[in-house]
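Number of protein chains: 2
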Amino acid sequence: MKHTREACLIADQQDPLAGFRQRFDLPANTIYLDGNSLGVLPKGALERSQQVITREWGHDLIRSWNTAGWFDMPTRLGDKLAPLLGADPGETVVTDTTSLNLFKALAAALRIQRQAHPERKVILSERDNFPTDLYMIQGMIEFLQQGYELRLIDEALPLEQALDDKVAVLLLSHVNYRTGYLYDMAAVTHSAHQCGALAIWDLAHAAGALQVDLNGADADFAVGCTYKYLNGGPGSPAFIWVAPRHQNAFWQPLSGWWGHAKPFEMATDYAPAQGIRRFLCGTQPIVSLALLECGLDVAREVDSQQLRAKSLALTDLFIELVEQRCGGHPLTLITPREHVRRGSHVSFRHPQGFAVMQALIANGVIGDYREPEVLRFGVTPLYLSHADIWDAVEILREILDSGSWDRPEFHRRGAVT
Amino acid sequence: MKHTREACLIADQQDPLAGFRQRFDLPANTIYLDGNSLGVLPKGALERSQQVITREWGHDLIRSWNTAGWFDMPTRLGDKLAPLLGADPGETVVTDTTSLNLFKALAAALRIQRQAHPERKVILSERDNFPTDLYMIQGMIEFLQQGYELRLIDEALPLEQALDDKVAVLLLSHVNYRTGYLYDMAAVTHSAHQCGALAIWDLAHAAGALQVDLNGADADFAVGCTYKYLNGGPGSPAFIWVAPRHQNAFWQPLSGWWGHAKPFEMATDYAPAQGIRRFLCGTQPIVSLALLECGLDVAREVDSQQLRAKSLALTDLFIELVEQRCGGHPLTLITPREHVRRGSHVSFRHPQGFAVMQALIANGVIGDYREPEVLRFGVTPLYLSHADIWDAVEILREILDSGSWDRPEFHRRGAVT
Ligand SMILES: Cc1ncc(COP(=O)(O)O)c(C=O)c1O
Ligand SMILES: Cc1ncc(COP(=O)(O)O)c(C=O)c1O
Chain U
498 MKHTREACLI
508 ADQQDPLAGF
518 RQRFDLPANT
528 IYLDGNSLGV
538 LPKGALERSQ
548 QVITREWGHD
558 LIRSWNTAGW
568 FDMPTRLGDK
578 LAPLLGADPG
588 ETVVTDTTSL
598 NLFKALAAAL
608 RIQRQAHPER
618 KVILSERDNF
628 PTDLYMIQGM
638 IEFLQQGYEL
648 RLIDEALPLE
658 QALDDKVAVL
668 LLSHVNYRTG
678 YLYDMAAVTH
688 SAHQCGALAI
698 WDLAHAAGAL
708 QVDLNGADAD
718 FAVGCTYKYL
728 NGGPGSPAFI
738 WVAPRHQNAF
748 WQPLSGWWGH
758 AKPFEMATDY
768 APAQGIRRFL
778 CGTQPIVSLA
788 LLECGLDVAR
798 EVDSQQLRAK
808 SLALTDLFIE
818 LVEQRCGGHP
828 LTLITPREHV
838 RRGSHVSFRH
848 PQGFAVMQAL
858 IANGVIGDYR
868 EPEVLRFGVT
878 PLYLSHADIW
888 DAVEILREIL
898 DSGSWDRPEF
908 HRRGAVT
Chain A
498 MKHTREACLI
508 ADQQDPLAGF
518 RQRFDLPANT
528 IYLDGNSLGV
538 LPKGALERSQ
548 QVITREWGHD
558 LIRSWNTAGW
568 FDMPTRLGDK
578 LAPLLGADPG
588 ETVVTDTTSL
598 NLFKALAAAL
608 RIQRQAHPER
618 KVILSERDNF
628 PTDLYMIQGM
638 IEFLQQGYEL
648 RLIDEALPLE
658 QALDDKVAVL
668 LLSHVNYRTG
678 YLYDMAAVTH
688 SAHQCGALAI
698 WDLAHAAGAL
708 QVDLNGADAD
718 FAVGCTYKYL
728 NGGPGSPAFI
738 WVAPRHQNAF
748 WQPLSGWWGH
758 AKPFEMATDY
768 APAQGIRRFL
778 CGTQPIVSLA
788 LLECGLDVAR
798 EVDSQQLRAK
808 SLALTDLFIE
818 LVEQRCGGHP
828 LTLITPREHV
838 RRGSHVSFRH
848 PQGFAVMQAL
858 IANGVIGDYR
868 EPEVLRFGVT
878 PLYLSHADIW
888 DAVEILREIL
898 DSGSWDRPEF
908 HRRGAVT
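Written out as structure tokens, the structure reads:
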């Protein structure tokens, strides 16, 4: 199909989600294709933070733990998030970081397996998984000294081959952070269960990007970020979910007072709270939680089918435009073309990917760069339009055609990209 | 000594720290004696949060990781806090929660001991320690299954007797959360080292309340809260410190990408960063960190000797006034009278402590209640005056003399106190 900017504008007029753009404060003269790294600012968030800081903290002080509902925020926000994950109330809490929640989920899963299948010592993940997932597994294995090992799926070892009767736990990202590859959660979980393993899903690049169906897929545990597609703000606390069947059976070692059945009895011995609260540990950053709630409140209003349809329409458009209009340049698509295998971002390799991305940013198109050579573009249906995609690709084309990316300042590496 | 309100007013006029009260927004008609649970709002904090939310997040978005210095906040804030702890730059980071940092410090200490003294299997703490400290130890022991056990100091087992050649790690609170008892950190650490144990200190009720001297005391690890005497805001991230001698030797299992030597190389294998950064794990709540910085900026200006002198003067005054003016009531001081053994809060037992505290709160004197029967009063020298102490005790006296605490509504228990 041949695209034009006019056709993009018409598609925008017909877009049922177009109104959501007004719910966010977006910077002028910017096409923001990095909402999969840090989401944007919901319009009510500043005011909400002022309330929390001035009235709840400044004026009501310690009483706000009760009167402003601070104490219940992790479960309340978890329940707000649940529908987006295919979860029921009481199954999710918002707390800590994704990295830490990975540790808790992994510990809980290993402990279940220690009882059911003590001989299983393999934790299976993917070489191309986000590094923190692998690092948390490595940290646990080293610390436990119980003979666990990390096995990695890669080109040489596909999933079907890697899943055997040694595997205790399978830990995968639903959407790959680099390529955007989307696993079939139900099928993979089924395979894991068939072989006696438990399945943990990292939803960092899935939650808020597409409808997840944790209960439908019969998953065991899940974790994820809220500062990406959920627009919770920089470093907003993460979430963790547990399947109903593990609710009162699971246990995890980061067992602080917030996970205690009666935290204010100040008992000497730990006794876990019923259900999901036992994934809580210590006191949470309330202002950051309150900001996150603003993002969740927007996300909950979105029709998930419309979200997915627009996400696929925009990622299709992006891929087709790049291939049509930047065809002569050494760009290699690493995101699946198949809809059922694609998340909500698009990545291309380019031998000079780093410099090309710096040039894009300097020209108002903000994506990010990921080693090795990957230009990554987050496509967030809530605040991007078809015309944004058109314009972004035009700027990419100009940069590539003119060679303007090849300036010294675009090759200089900063601390973080 | 016989006190009068006039004498209190004169003492306030001579108070070199009196000006600090102006640095905070305090609620009207309230005497806030709970700054050891949740500190107050520094005046610049609201504006700072607006900057972070509107400009750094809303406008600059992902770029702020570099341009606004978000990436360095954990170490930068750690270095700001360091002088209050008797620490040098590069030894402290601000991150996660006190509970989680306890786990990291304990794991790091046990790992050092596993190499030095593998036969030592006792983790020594105190029955009266804050529960989360005990729960984190219990969680780790259960998870490791390496034969560790928790031994608790109490009336039947004093420290000198409990410290033997089975002890791997001693974990104590510098100031007890309930009684305000202050350990001699240098002497206790010395005893621990003499017997071959490592010492971890929980500074939750010490940091910002009195000058701590971690390096002077030769401590091994320390953790603590920032939302109490440091006025960081509700749930502001905690800190963790490591002694220079362990800097590049220690290791901990919550080894997320933020603790990696090169987090953005996306390597498959974890390789720890040099120094204190290896205590970092995942992405931190930036807005809550920025608010904390406002509290730290005030705390850093305070002369630590003046702080300690005023803290002791006010806690002395509080104790003497209660004993003089509420003498006929069944109040039992559980805070040490000795200056060198006292932190910055004062606690009394009263058989109806819960109801008495609710009546105090209803009358504008905000302290808190801790099981069993304990009325706890935080004495924060930065924003309390001698006259506040006088007035608070007068209100306590009226409540006790009139018996007005004995109303049904003051006996009703909420979720959190
Ligand atoms: C000694 C001590 N440690 C830890 C905590 C709290 O830990 P967290 O911030 O992880 O909830 C407190 C809270 O009062 C405390 O008094
Ligand atoms: C799959 C995945 N997991 C985890 C994270 C981040 O974890 P944390 O929030 O603990 O830093 C990311 C960040 O991009 C991610 O892509």
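Line order of the protein sequences matches chains U and A. Just add 497 to wherever you are in the first sequence, counting from 1, and you've got my numbering. Just add 497 to wherever you are in the second sequence, counting from 1, and you've got my numbering. Virtual Cβ for every residue (Gly too), placed ideally from N, Cα, C. Note that the structure is predicted; figures quoted are calculated from it, not measured.
Who are the neighbours of residue i on chain A, taking C-beta pairs under 8 Å?
i	result
U:Asp531	Leu558, Ile559
U:Leu631	Thr765, Asp766, Tyr767
U:Thr551	Asp522, Leu538, Leu543
U:Gly575	Within 8 Å Cβ-Cβ: nothing; U:Gly575 doesn't reach chain A, min ~16 Å.
U:Ile490	As displayed, chain U neither begins before 498 nor continues past 914, which places residue 490 of chain U out of reach and without an answer.
U:His757	Pro628, Tyr632
Applying a beta-carbon distance threshold of less than 9 Å, which residues of chain U neighbour residue i?
i	result
A:Thr595	Gly753, Gly779, Thr780
Would you tell me roughly how many angstroms separate the C-alpha atoms of residue i and residue j, rounded to the nearest one?
i	j	result
U:Leu828	U:Val843	12 Å
U:Ala758	U:Pro769	5 Å
A:Asp794	A:Phe736	16 Å
U:Ala508	U:His883	7 Å
A:Asp522	U:His556	8 Å
A:Glu503	A:Ser801	27 Å
A:His702	U:Cys778	19 Å
A:Asp888	A:Glu544	32 Å
A:Pro878	A:Pro655	32 Å
A:Lys663	A:Pro848	40 Å
U:Leu679	U:Cys692	22 Å
A:Ser808	A:Val739	27 Å
U:Trp902	U:Gln658	43 Å
U:Val913	A:Leu751	Unreliable positioning characterises U:Val913 in this predicted model, as indicated by a pLDDT of 48, which lies under 50. The coordinate reading is nonetheless provided below. Approximately 22 Å between the Cα atoms of the pair.
A:Glu891	A:Ala796	30 Å
U:Gln511	U:Gln803	12 Å
Just to confirm before moving on: does the CB-CB distance between residue i and residue j stay below 9 Å?
i	j	result
U:Thr589	U:Leu582	yes
A:Ala606	A:Leu700	no
U:Pro869	U:Gly840	no
A:Leu621	A:Leu578	no
A:Ile773	A:Gln744	yes
A:Tyr726	U:Leu558	no
A:Val720	A:Asn598	yes
U:Gln610	A:Gln642	no
U:Val862	U:Leu830	no
A:Gly792	A:Gly730	yes
U:Cys505	U:Ile816	no
A:Thr723	A:Pro833	no
A:Asp785	A:Gly732	According to the sequence as given, residue 785 of chain A is Ser; it is not Asp. Yes, the Cβ-Cβ distance between A:Ser785 and A:Gly732 is below 9 Å.
If you follow the beta strand (DSSP E) that residue i is part of, which residue opens it and which one closes it?
i	result
A:Ala806	Note, A:Ala806: premise wrong, no beta strand (DSSP E); alpha helix (DSSP H) at 801–822.
U:Ser589	In the sequence on display, residue 589 of chain U carries Thr and not Ser. That run of the beta strand (DSSP E) goes 589–591.
Along the chain, where does the alpha helix (DSSP H) containing residue i start, and where does it finish?
i	result
A:Phe640	628–641
A:Gly792	783–796
U:Glu895	883–899
U:Ala665	Taken as a continuous stretch (DSSP letters only), U:Ala665 belongs to no alpha helix (DSSP H), being part of the beta strand (DSSP E) at 664–670.
U:Val853	850–859
A:Asp699	Per DSSP, A:Asp699 belongs to no alpha helix (DSSP H); it is in the beta strand (DSSP E), 695–699.
A:Asp576	570–582
Rounded to whole angstroms, how far is the Cβ of residue i from the Cβ of residue j, which I believe are closer than 8 Å?
i	j	result
U:Ile638	U:Leu649	No, U:Ile638 and U:Leu649 are not in contact; Cβ-Cβ is about 13 Å, not under 8 Å.
U:Pro782	A:Pro734	6 Å
U:Gly713	U:Ala683	6 Å
In chain A, which residues lie with their C-beta within 7 Å of the C-beta of residue i?
i	result
U:Arg624	Thr765
U:Gln547	Leu543
Just the chain U side, please: which residues come within less than 8 Å of residue i by C-beta, in chain order?
i	result
A:Glu868	Phe761, Glu762, Met763
A:Ile892	Within 8 Å Cβ-Cβ: nothing; A:Ile892 doesn't reach chain U, min ~17 Å.
List the residues of chain U that residue i touches, going by C-beta distances under 7 Å, in chain order.
i	result
A:Gly915	Absent from the structure is residue 915 of chain A, since the part of chain A shown begins at 498 and ends at 914.
A:Leu727	Under the 7 Å cutoff, chain U gives no residues; its nearest Cβ is about 14 Å from A:Leu727.
A:Glu790	Within 7 Å Cβ-Cβ: nothing; A:Glu790 doesn't reach chain U, min ~13 Å.
A:Glu639	Pro750
Below 9 Å on C-beta distance, what does residue i contact in chain A?
i	result
U:Ser841	In chain order: nothing, as chain A lies at least about 16 Å away.
U:Asp865	Ile559
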